[in-house]
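*Asks:* Going down the list, the protein sequences come from chains A and B. Numbering (this note's numbering) for the first sequence: 104 to 1152. Numbering (this note's numbering) for the second sequence: 117 to 615.
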Amino acid sequence: MKQKLLSSIFALVFLIGISYAQNRQVSGKVTSATDGSPITGVSVSVVGSTTATQTDGSGNYSISVSNSSVLNFSYIGYMSQRVTVGNQAVINVQLVGDSETLEEVVVTALGIERNKKDLGYAATTINNADLTNVNAVNVAGGLTGKVSGLNVTGVNSGVFEDVKMNLRGIRSLTGNNNPLLVVDGVPMDLNYLANLNPNDIANVSILKGSSSASIYGPDARNGVIVVTTKKGSDVPVVTLGHSTQFQSVSFFPALQKKFGNGYDGILDPIENWSWGPEYDGTMQPLGDPLENGDIQEVPYTGTDERRKFYERGVTHQTDLSFSMKDFFLSAQDAKVKGIIPNDQNRRTSIRLNTGREYKNFDVRLNTSYAQQNFNIYDYEQADDYFTAQNIGGNTGLLNQLINTPAHVPVTSYKDYEGNVWAQYDNWFTHYGLNPYFQAANWRKEGKRQNLNTNLELNYKPTEWLSFVYRAGLVSTNRSERSLSQGHEVSQFGLSRDKTSIPVAITERNYNQERLSSELFGQFNKELNDDFRLSAILGTYVRQVQYRGTNVGAGSLLVPGIYNLGNRIGNLDGDSDGFKSRLFSIYGNVALNYKGWANVEFTGRSDRTSTLSLDNNTYFYPGVIGSIVLTDAIDNLRSSTLSYLKLRAAWNKTGNADITPYLLATTFSQPSDTGFPFGSVPGFTTGNVDYDPNLKPEFINSSEFGFESGFWNDRIRLEATYFYQLNTDQIVNVRISDATGYRGTYRNAASFVNKGVELDLNLSPLIRFNDGGIRFRANATYNDSEVTDIFKEQELNEIAIGTTYTRVGNYAIKGQPAFVWKATDYLRDDQGRIIVDPTNGRPSSSSTLDIFGRTMPKWIIGLNPSVDYKSFKLSALFERKTGHQVSFYELGTSMAWTGVSEATAYNNREPFILPNSVIPDPSNPGSYIENTTAKIGENEGMYEHYIAEYSTASRNFLVDASSWRWRELSLTYDVPSQWLASKQKVLKSLSISLVGRNLALWLPKENRYMDPDFNSYANSEDGDYNTFGMVDATINPPVRNYGFTINAKF
Amino acid sequence: MKNILIILLMSVFVLGACKDSFFDINSNPNRPTEHDITPDLLMTSVIANSVKRMTTQYSFAAFWTGYWARGSSFGPSMPLENYDITSSFETGHWSGVTPDQGWYDILMDNYVMETKAQASGEDFYVGVAKVIKAIGFMYLVDMYNNVPYSEAFQPATTLAPKYDKGQDIYKSLLAELDVAREIFGSADLVVPEKAMSADVVFGGDVSKWSKLVNTQTLKLLIHQSEVVTNPTDEIAKITADGNGFLGKNETAWTDPGYSNDQYKMNPMYVYYVRDHNGTLMDGFNRASNYLLDKYRDNADIRYQYIFLEATDNASGWDGNDLGANPEPGKNSTNESIVIGKGLVNSPSDPAWLFTSVESLFLQAEAAQRGWISEDAQALYESAVEESFSFLGVVDAQNEATTYLSTSIASWSSASDKIELIINQKYLALPGINNFEAWVDYRRLGFPSDVPLSVATSTGSRKIPRRMQYPANEFSYNAANVAAEGNINPQTNKIWWDVN
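(1) Give the range of the alpha helix (DSSP H) segment to which GLY994/A is assigned.
(2) Pairing CB atoms from the stretch 798-816 of chain A with CB atoms from the stretch 742-754 of chain A, are three or more of them under 8 Å?
(3) Compare the C-beta of VAL661/A with all C-beta atoms of chain B and state if any pair is closer than 7 Å.
(4) Is ALA1050/A close to chain B? Criterion is C-beta to C-beta, closer than 7 Å.
(5) Starting from the C-beta of THR1136/A, find all residues in its chain whose C-beta is less than 7 Å away, skip the five residues before and the five after it, and write them out in chain order.
(6) Select from the stretch 530-549 of chain A all residues with a C-beta closer than 8 Å to any C-beta belonging to chain B, and list them in chain order.
(7) Taking 7 Å as the cut-off, decide whether the C-beta atoms of PRO321/A and ASN669/A are in contact.
(8) Considering only C-alpha positions, which residue in the set ASN695/A, TYR516/A and SER582/A is nearest to ASN476/A?
(9) Let me see if you follow: with CB-CB separation under 7 Å, is GLY224/B close to chain A or not?
(10) Taking 7 Å as the cut-off, decide whether the C-beta atoms of ALA553/B and THR181/B are in contact.
(11) Considering only C-alpha positions, which residue in the set SER167/A, VAL149/A, ILE215/A and ILE166/A is nearest to ARG1159/A?
(12) Please state if the CB of SER346/A and the CB of VAL1141/A are separated by a distance shorter than 7 Å.
(13) Looking at ASN580/A: is its Cβ nearer than 7 Å to the Cβ of VAL289/A?
(14) Residues of chain A with a CB under 8 Å from the CB of SER288/B: which are they?
(15) Between ASP136/B and chain A, is there a C-beta pair that is closer than 7 Å?
(16) The alpha helix (DSSP H) that contains SER505/B, what's its start and end?
(17) Beta strand (DSSP E) containing GLY243/B: first to last residue?
(18) Give the secondary structure of ARG819/A by DSSP, where H, G and I count as helix, E and B as strand, and everything else as coil.
(19) In chain order, what residues of the same chain lie with their CB nearer than 7 Å to the CB of ALA483/B, ignoring the 5 residues before and after it?
(20) Name, please, each residue of chain A whose Cβ falls closer than 9 Å to the Cβ of HIS392/B.
(21) Any C-beta of chain A within less than 9 Å: which residues of the stretch 584-596 of chain B qualify?
(22) Would LYS1107/A be called buried (16 or more neighbouring beta carbons within 10 Å of its own) or exposed?
(23) I'd like to know whether the C-beta of THR449/B is nearer than 7 Å to at least one C-beta of chain A.
(24) Return the first residue and the last residue of the alpha helix (DSSP H) that ILE141/B is part of.
(25) Report all residues from its chain with a CB closer than 7 Å to the CB of SER587/A; omit the five preceding and five following residues, and keep chain order.
(26) Would you say GLY335/A and ASP429/A are within 7 Å of each other, going by their C-beta atoms?
(27) For VAL162/B, which of LEU820/A, VAL1077/A, PHE778/A and SER805/A has the nearest alpha-carbon?
(28) Quick one: give me the first and last residue of the beta strand (DSSP E) that LEU289/B is part of.
(29) Grab me the residues of ASN815/A's own chain with a C-beta within less than 8 Å of its C-beta, minus the 5 sequence neighbours each way, in chain order.
(30) Taking only the alpha-carbon atoms, compute the straight-line gap between THR823/A and THR153/A and give it to the nearest angstrom.
(31) How about PRO784/A and LEU157/B: are their beta carbons less than 7 Å apart?
(32) Run through the DSSP bridge pairs and tell me what PHE464/A is partnered with.
(33) In chain order, what residues of the stretch 158-170 of chain B put their CB closer than 9 Å to some CB of chain A?
(34) Given a limit of 9 Å on CB to CB distance, which residues of the stretch 397-421 of chain B reach chain A?
(35) So if I threshold CB-CB distances at 8 Å, which residues from the stretch 761-787 of chain A count as touching chain B?
(36) Rounded to a whole number of angstroms, what is the C-alpha to C-alpha distance between PHE623/A and LYS333/A?
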């Protein structure tokens, strides 16, 4: 009955449509200018009216027009084209590929494609070609530097290419600031990005603000990355691609190569301290004599051996895909060999996207499965070993290397079993390990599997009404084994302070399942000539379930048999799990006037399981508007100004960004306390106090912007100002330990986050025969201010994530989020360093002072490219500035052993500390310039470096500015005519030379490491928002270079 | 038809999701909360963690009082060796992460145990909680003087607890011990079944707990001896109780079930000697030459039991001077590990909460001061004898007797009996109670020849009189810690340190 009614309404509308329609039909076919293949889904519209259609599976369309009509053809990733109809009956169009067009279609919330023109908030689309320009294995790498407002930070160079992403700064002081990832309409965790094959992606839309939160819910407050995978093509196409890229170390901490091992200028062959005599090129003993009396002798000369430890990494990536109508099948194999010996990761993924239409019913199923198999050096186990040895500061592999004296021929010790001087017991120093042994002894191997599948049912009873049901499953499984190969120390080794390393194993398993079920109805109807009304009403249910187990045995009996059963002693283990649910109802009503004015209202109500039943429901509204002035105001459009749009959006977002079970303190038996001892249990109180009445936190965000085009859109400029007020932030507030707790979870903090985003596109900047030069640039300015931490306690600051006693990230009232706090030398009121008049040595303050930001104030991306005939040359540069980075752990350990460049200052001759003062003997309380007191005159030079130089952590806090050459690619497209003449099978062939992170330019004071790196980026440990804490657990930065071949059949 | 299906589907989700029960899934399935916890589950860890802290975390006191020095494999360690104490030095005593919990962490568990036990009427646990409280806060006061006490452990009302006067805390602790004495002395006391196994000290033996209560009371009184010179009332309560003090061979041993397994070893053994794989664990802490000489110069064999023979040294036992630069070519393996076979000989040995040796020395001092009526000389001599037998010295009785006749230990030839008692207490407690040596040194200045660090950066600094408050208090309890004024660990003293 209902069906009948709907059909009759449909018929009525159709008739009305006819009566308003214009006088005749025009038809044609839209193909791609590149390979002549038909393009499906191109939107064809009559300019100045609401009449529009789409091309079918073969690229054909038909639309009613009048002779004076102008048709507009637009499709994501192609330059849109306008054609005046005149008296033509057939209009065939070839679209030219282009990543950025003003008429671009943006995939927005719920996978709904919308003209960018209608949007009231900032959004950018990156198409496949731009994303895979240099074949980065991780999608995030392909987005870096291309979108204003998006800060992608590579936190380490390893086989996983770990990154951290932020859109428009932060919304949470201590919680998750990851943008939401939506793949084919299904929201999921951002970490899933690493499992996507970049070549499967049709395009990525970046919705920068929180406006889409009304549709996607609280997770979208940090912006959304909407990934749409390829759907298929009408003509069957097979693509085959291969890329080989090499990685080599591009930057290394500055080390001194003047002084060898020993102390106080005396050579000591067994020292790892480089406080010995100056290098003189003679042969000198290294290490103790062996039991048989053999002595190792090496030239006493500084070398670059330490850097050479890192090998050349190689990435082989092969892609194969087949697509036809409603069918896309792809497979990828990416094999990464890291720069640490034997580190590797292999990602293999397959995807099948398929669908079927049945009358007004459409079913789609997208499924992808990815498997990563890896084997890497496990710094965590090594860390535990060094901690147990009570020789801190030697934790990371990098630390072990840089703290090796400069004349030690590191690379000759690769064979740590065969080479007698490389063996564990015979290693030259008593205080460290052969890095090759270290890298081989502690390994982590594992498998990460991801299955993502979503089913979409689309029912469209009439032209203006549709229902979509979407069920999604994202299942993640990680299983890992941490292995220690072990070593039984010899009697000789024992006499040299060496100890046995047990054979050990820890096995871990994590499973997470995210199930979502969504149903929404979509209404979209012209009310009359001028107004179009669209509305969405929907509901969303999500359940996340997690289970983690780890079991280990600290000492295994038979070496090489990594089985928990092959152990002595007890098993050590723990398990954990959670379940959370979210239910939402949301709605959206939009009114469009004459195609150039838009106003939209949104609202959403969430209910979450993570808050108490009294506080778990919250509602948040929004309003969005935009107007295209060049359409609205007659005569505004000119040959100079081709396009001008203004937009504004305001919305509120509620969220409870806490993990489940954060409403009551728990008790546990931490395994390292030994409990339970057999049948004797022993529990201890958790360190965190909880507020059972936690409320959701809210974000009020506004944005204003314009989009403009000049000289026929040859210059395009887009700008957005955003302002976000974050209140009731749930933070784990540090409290006095005398409360029995470290902290308490409260709705406490608030802060403002604001900024400006600019996108400039000069396309083409210069046009010449057979080509042109394009230039794109984007810039982001981001600032923030903490307005409250915890008023109730008059607490004005909190430490963020992992901090050292002497340096860390802090959120401090009145300061930007976040700032550094660090210890400094004691200074007089003019900022000069106060030193002791007897020995010239400064002293470090015992309290921490506030220094600069941890996050960049400015991020700039520059993207010039040149096309000439079949060649395309493109580059990408990125600038970040306005922040600082701390190399405290790295710097102090290099100072301790005397290997850093700084420790060779003044050739280790006594010196007057620059800018130092001594107390004025004739005028107590004031200071005079120090011209006499020299450091190192009465004592070993190292005394200064291992003491106050190291404890004043400001010595290692440096400007984090950088210029990076992110990408370079030179592509040659074999001309299609030439291909066609040779054989018909190959449709297109392109060959590229690519490079990533080719160069890194740093300020003079940064003598340490890539300032983007971060040893504490692991969100599992609550370090969501830690920036710039670099220790030796990271690898030095690398540059990538190689080639890519892509062929279509 | 399809529409009906969709509407049905939709209503299932909407209705299903609207029920409270759909969202009521937020009770933690992984760990118990305060609602589920019982006092017995906390008591074992409270005791074991207290013991671990007392026996393994006071190396700094051993360094400062001349017991220990740094092993030659290690570079200089500041400020341990130059006494330049700041708020970042040894903050773990205040609070620390597992497995090395700080006193406020342990006392928090203790507080929960006490309140849960009071609620359930299980007085036995209340008594134990009071003893642990008196021990823990004594350590805190002896390190920091004024500390949060009356407002501690109340996060619901006080996130920044105020500091109480050290003297007031001592008074309150003595009162708490009075309550414990009454509990353990009560004829009505029922020891819960579970407490028998959870009491890893005395297995639920209340008369032994009474002795510990009395001994801990005496210890507090001795610590404040220079301020409250004649604590008649307190002594009268002990006398009235009748259980007396921990005597010969009555060490309060603690053993939750130590074994040679990872994390389950005797804490001192794994901290200072070897781990479960037999790997030597500690190259940093080594015997001091000063202390070794004190034994050797007086034919006192005890050093061979207190310290381990160096793994790689012809002369057997060797040490270092505090703050000295390592001799070239010398390693930690050439020097003596600080926990010898007379202290802890195996990973499954029990640890001690309170030793008979220390108890007897406390009694000797109390007798010499005239607080208790026993004979001071007899108590002193039995304390020295107990030291020899505690260490398992071969032929302990004879060795002790011989030793007691030497000039350094003879009662009759000593002009200052208190000094004699303290000097011998000092020689009896290395590794057993390093902290008490620092307390006695500050209280009375004995031994009078404890050497200062020879590190060049020591300057004019002396052995610190107290610890600086930890940095976290300056950050998170700023107003209250500021009210204590500027603390200088060189000049500011604990309230009982008046000399």
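Glycine included, C-beta positions come from ideal geometry on N, C-alpha and C. Since we're looking at a predicted model, the values are computed, not measured.
*Replies:* Let me spell this out:
(1) Per DSSP, the unbroken alpha helix (DSSP H) holding GLY994/A starts and ends at 991-1000.
(2) Judged by Cβ distances under 8 Å, the stretch 798-816 of chain A makes contact with the stretch 742-754 of chain A, as three or more pairs qualify.
(3) Cβ-Cβ to chain B under 7 Å: no for VAL661/A.
(4) It does; some Cβ of chain B falls within 7 Å.
(5) Closer than 7 Å at the Cβ level, and outside the excluded window around THR1136/A, lie TYR482, THR498, GLY499 and SER1118.
(6) Cβ contacts with chain B come from HIS533 and TYR534.
(7) Their beta carbons are not under 7 Å apart, which means PRO321/A does not touch ASN669/A by this criterion.
(8) Ranked by Cα distance from ASN476/A, the first of ASN695/A, TYR516/A and SER582/A is SER582/A.
(9) For clarity, residue 224/B is Met in the given sequence; the question names Gly instead. At least one chain A Cβ lies under 7 Å of MET224/B.
(10) It is a contact, given that the beta carbons lie within the stated cut-off.
(11) Here chain A has residues from 104 to 1152 only, and residue 1159/A is not among them.
(12) The answer is no: Cβ separation not under 7 Å.
(13) No, these two residues do not count as a Cβ contact at 7 Å.
(14) Here the premise fails: no neighbours, minimum Cβ distance about 15 Å.
(15) Output row for ASP136/B: interface = yes.
(16) Residue range 492-506 is occupied by the alpha helix (DSSP H) that includes SER505/B.
(17) Unbroken run through GLY243/B is the alpha helix (DSSP H), 239-260; no beta strand (DSSP E).
(18) The DSSP-derived three-state label of ARG819/A is strand.
(19) The residues are GLU490, ASP491, ALA492 and LEU495.
(20) Against chain A, the beta carbon of HIS392/B has neighbours under 9 Å at PRO605, GLY657, SER658, ILE671 and GLY672, listed in chain order.
(21) Within the stretch 584-596 of chain B, the residues whose Cβ lies closer than 9 Å to some Cβ of chain A are GLN584, PRO586, ALA587, ASN588, GLU589, PHE590, SER591, TYR592, ASN593, ALA594, ALA595 and ASN596, listed in chain order.
(22) Exposed, because fewer than 16 other Cβ atoms sit within 10 Å of the Cβ of LYS1107/A.
(23) Closer than 7 Å to some Cβ of chain A, the Cβ of THR449/B qualifies, so yes.
(24) Where ILE141/B is concerned, there is no enclosing alpha helix (DSSP H), given that its DSSP letter is neither H nor E.
(25) Excluding residues within five positions, the ones whose Cβ falls inside 7 Å are GLN484, ASN544, TRP545, ILE604, PRO605, VAL606 and ALA607.
(26) The answer is yes: Cβ separation under 7 Å.
(27) Of the candidates LEU820/A, VAL1077/A, PHE778/A and SER805/A, the one whose C-alpha sits nearest the C-alpha of VAL162/B is PHE778/A.
(28) Taken as a continuous stretch (DSSP letters only), LEU289/B belongs to no beta strand (DSSP E), being part of the alpha helix (DSSP H) at 282-301.
(29) So the list reads SER742 and SER745, once near-sequence residues are dropped.
(30) About 28 Å.
(31) The answer is yes: Cβ separation under 7 Å.
(32) DSSP lists TYR461/A and TYR562/A as partners of PHE464/A.
(33) Within the stretch 158-170 of chain B, the residues whose Cβ lies closer than 9 Å to some Cβ of chain A are LEU158, MET159, THR160, SER161, VAL162, ILE163, ALA164, ASN165 and LYS168, listed in chain order.
(34) Taking 9 Å as the Cβ-Cβ cut-off against chain A, the residues of the stretch 397-421 of chain B that qualify are MET397, ASP398, GLY399 and PHE400.
(35) Against chain B - using a Cβ distance shorter than 8 Å - the residues of the stretch 761-787 of chain A are PRO763, TYR764, LEU766, ALA767, THR768, THR769, PHE770, SER771, GLN772, PRO773, SER774, ASP775, THR776, GLY777, PHE778, PHE780, GLY781, SER782, VAL783, PRO784, GLY785, PHE786 and THR787.
(36) As the crow flies, the alpha-carbon of PHE623/A is around 23 Å from that of LYS333/A.
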